[in-house]
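Before any comments, here is the structure.
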Amino acid sequence: MPQNMCALIFPKNSMTLTQPLNNHHKHCDELFATTEEAAGRRNWTLCAKNFDRFHQEMEAHFSTEEQVLFPAFESATGITAGPSRMMRFEHTQMRELFEQMAAALRAQDGDEFAGVAETLLILMQQHNMKEENMLYPMCDRSLGAHPPDVEGSLRKRLQEVEQTCPV
Amino acid sequence: MHPDLSFDQAPPVSVPYRFFLTAPWFGVAAGLLLVIQGGDALVSRWTPQALMLTHLLTVGFMLQAMVGALFQFIPVAAGGNVWQANRLASLVHPVLAVAAVLLVLAFPSSTPALFHAAAGLFAIALGSYGLIVGIALWRTPAQGATILTLRVALFGLMVTATLGVVLAIGLGLQKSLDLFEWTNVHAAWGLGGWALMLIAGVSYFVVPMFQLTPKYPAWLTRTLPWAMLAVLCLWSSQLIGDGFVWLRGRIWLMGLLVATTWGVVTLRLQFRRRRKVPDITLTFFRGGMLSLVALFISALLFEVNPNWGTHPRADVWLGVLILQGVFVSVINGMLYKIMPFLNWLHLQRLCGLTVVPPNMKKMIPDVSMFWQMRLHFSALALMLCSVVWPILTRPAGALFALSCAWMGVNLLIGVKSYRQFKVQILASGAGSES
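Structure follows, in structure tokens:
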């Protein structure tokens, strides 16, 4: 991940606890677009490279939420059957779609890839919208006293994807 | 926001689909009416045939699609809960459809009973819809530009409906209302206050989502509903006196400028989209926005050159651009995105996590949507030509009817796919009907 992208995801003056996750959504959108574009051009080598990166970063994002943010939110509010559970469910749905994309990529099936990508895009955007407009503000409000290290966790996981974002 | 909000309040798929499946057939009726009537129908906006056409598209095609979409959109995007959505849809859908048919039939015959029956049915359907959807929109904890714009849109619908009911009752009683002014105000609230605000509010959400564009600028999203409301209030002053007669042309252009600003911003955002793959909904949307720009330029030219502007067919030209060009294009494109996604979403819920449903592109064949889109824009081009050369009216009507029928068939294919996949999932033992 280039340094300027690090600065976009982790600005020096993060306004809120969840701001890095918010910014990382936009970065993942970018990775999705380059993957889909490569598949549209039937450039399977580039598509595979872009997809790997996209997939790994999405996993880094999901695991930061599932292992750091959501447990902290659930413990602070006592709400375990609410929005965080729905977000976990949608992560599982998206993971299934990643598997389908990987299979279409291996088969170099452009139509199948385009169909799964379209489905993933809308599910992903709807999911991001719910997080950005509803769940993240709830987390920012409820975790003010004992904030978990969301930024450090995401940074560490992204560093594992590519060693360019210093912790 | 309510802490227990589950994000899972979307109504059953049958709630929006009944509206979506009905809408195109009003478009078919409009096209066939042109085939039957020929060039005489478009002599001016005031002929009974032109009024029939207008209402087939507005309270037939547009209202069905938009009312159905809002049922789905409020819970998903606004976190609102429409009370008894299934029962409300079961009332509103047939009553609106029958009311539209009665109103359309009332124009050529001027039968008072038909006008009165249509007015009563619209009052029942839109009154109950406005009340329940209004409560959902006002009680939602979500905030932001989309919510504000949707609230203004619903208010616009209520004003339009009230004016429409008064007009229908007046026509039925053969009362001497100031028909010209009342109709102008009714049309402006319907097109600018309701329809445009609704697609603008939805666009803030779906344009960045579907095409990965930057967000709409805050100056636009904050200003647009208030600017449109201000223009509509000024425009409505013609109901209480002639004080602003000299300003009417300017107010009309101001309203179009407000709308076109949104259209141009949308085009600019789409130009800067990160997603570069071809997309049918994107092309429909762009066609709609370009029609809006063409509408503004036409209105400006008509204002500058009164020889053109006072021609009876000038209004018809503007009407074709706004109804067929802007609204039918955008709605057509949106339905092609909404239905495959809703199919997938509901099938996915049926599957749980054990089976993966077919992807969105397996719901309606891409090639069929693509050719229908080409037919739609060909019909639009021919319809505009027919305003200038009336001999082309019948072929233009036939193309439009064909395009709408094809859209209707594509949507039926979408429903058939949903049913087939649902049967397969249930047969596999993976799903369970809830």
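Chains as they are written, first to last, in my numbering: chain R, 1 to 167; chain Y, 1 to 434.
By construction, the Cβ of each residue, glycine as well, lies at the ideal position given by its N, Cα and C atoms.
Asked: Buried or exposed (CB count within 10 angstroms, at least 16 for buried), ARG286 of chain Y; Found: buried
Asked: C-beta contact flag for VAL328 of chain Y and GLY60 of chain Y at 8 Å; Found: no
Asked: Chain Y contact for GLN168 of chain R (CB, 8 Å cutoff); Found: Not covered by the structure: residue 168 of chain R. The range shown for chain R is 1 to 167.
Asked: LEU70 of chain Y versus Y:VAL326, Y:TRP194 and Y:SER298, residue with shortest Cα-Cα distance; Found: Y:TRP194
Asked: PHE107 of chain Y, buried or exposed, once every other Cβ within 10 Å from all chains shown has been counted against 16; Found: buried
Asked: Residue-chain proximity (VAL67 of chain Y, chain R), Cβ-Cβ < 8 Å; Found: no
Asked: Burial state of THR80 of chain R (16 or more Cβ within 10 Å); Found: exposed
Asked: Contact list for the segment 333-352 of chain Y against chain C, Cβ threshold 7 Å; Found: The chain inventory of the structure shown lacks chain C, comprising the protein chains R and Y.
Asked: Cβ of LEU411 of chain Y within 8 Å of any chain R Cβ; Found: no
Asked: Of the residues Y:MET62, Y:GLN420 and Y:ALA50, the one placed nearest LYS362 of chain Y, counting alpha carbons only; Found: Y:GLN420
Asked: Beta-carbon separation (whole angstroms), LEU34 of chain Y vs GLY397 of chain Y, contact threshold 8 Å; Found: 3 Å
Asked: Residues from the segment 134-147 of chain Y in contact with chain R, defined by Cβ distance under 9 Å; Found: PRO141, ALA142, GLN143 and GLY144
Asked: C-beta contact flag for PRO357 of chain Y and TRP344 of chain Y at 8 Å; Found: yes
Asked: Where HIS2 of chain Y sits in the DSSP three-state scheme; Found: Any reading at HIS2 of chain Y must be qualified, since the residue scores a pLDDT of 33, below 50, and its modelled position is unreliable; the value itself is stated next. Note: HIS2 of chain Y maps to coil in three-state DSSP.
Asked: 7 Å Cβ shell around PRO166 of chain R - same chain, five flanking residues per side excluded; Found: Low local confidence applies: a pLDDT of 43 at PRO166 of chain R is under 50, so the model's placement there is unreliable, with the coordinate-based value given in what follows. Excluding positions up to five away in sequence, the list is empty.
Asked: Below-8 Å beta-carbon distance, VAL356 of chain Y vs any chain R residue; Found: yes
Asked: Contact with chain Y by GLN125 of chain R, beta-carbon distance below 8 Å; Found: yes
Asked: Range of the contiguous alpha helix (DSSP H) that encloses PRO208 of chain Y; Found: 197-211
Asked: Identity of the residue in Y:VAL245, Y:MET289, Y:ARG268 and Y:ARG248 nearest ALA259 of chain Y by Cα; Found: Y:MET289
Asked: Check whether MET369 of chain Y and PHE341 of chain Y have beta carbons under 8 Å apart; Found: no
Asked: Chain-ordered chain Y contacts of VAL116 of chain R [CB-CB under 7 Å]; Found: ASN359
Asked: For PRO12 of chain Y, the three-state DSSP class (helix, strand or coil); Found: coil
Asked: Own chain partners of SER142 of chain R with C-beta closer than 8 Å, once the 5 adjacent residues on each side are dropped; Found: PHE73, ALA76 and THR77
Asked: Where TRP83 of chain Y sits in the DSSP three-state scheme; Found: coil
Asked: Proximal chain Y residues relative to GLN93 of chain R, where beta-carbon distance stays under 7 Å; Found: GLN348
Asked: Contacting positions in the segment 382-400 of chain Y - beta carbon closer than 8 Å to chain R; Found: none
Asked: Contact set for LEU63 of chain Y: own chain, Cβ-Cβ below 8 Å, skip 5 residues either direction; Found: LEU96 and ALA100
Asked: Cβ-based burial, TRP189 of chain Y [other Cβ within 10 Å; buried from 16]; Found: buried
Asked: Beta carbon proximity, ASN133 of chain R to chain Y, threshold 8 Å; Found: yes
Asked: Simplified DSSP assignment, three categories, for ILE79 of chain R; Found: coil
Asked: Through-space distance from ALA107 of chain R to GLU168 of chain R, alpha-carbon basis; Found: Because residue 168 of chain R is not part of the residues shown, which for chain R are 1 to 167, the question remains open.
Asked: CB of PRO312 of chain Y within 8 Å of CB of VAL43 of chain Y, strictly; Found: yes
Asked: Residues of its chain near LEU171 of chain Y, where Cβ-Cβ distance is below 6 Å and the 5 sequence neighbours each way are ignored; Found: PHE115
Asked: Continuous beta strand (DSSP E) assignments of at least 3 residues falling wholly in the segment 35-83 of chain Y; Found: none
Asked: With 16 other Cβ atoms within 10 Å as the buried cut-off, status of ALA118 of chain Y; Found: buried
Asked: HIS311 of chain Y (DSSP reduced to helix, strand or coil); Found: coil
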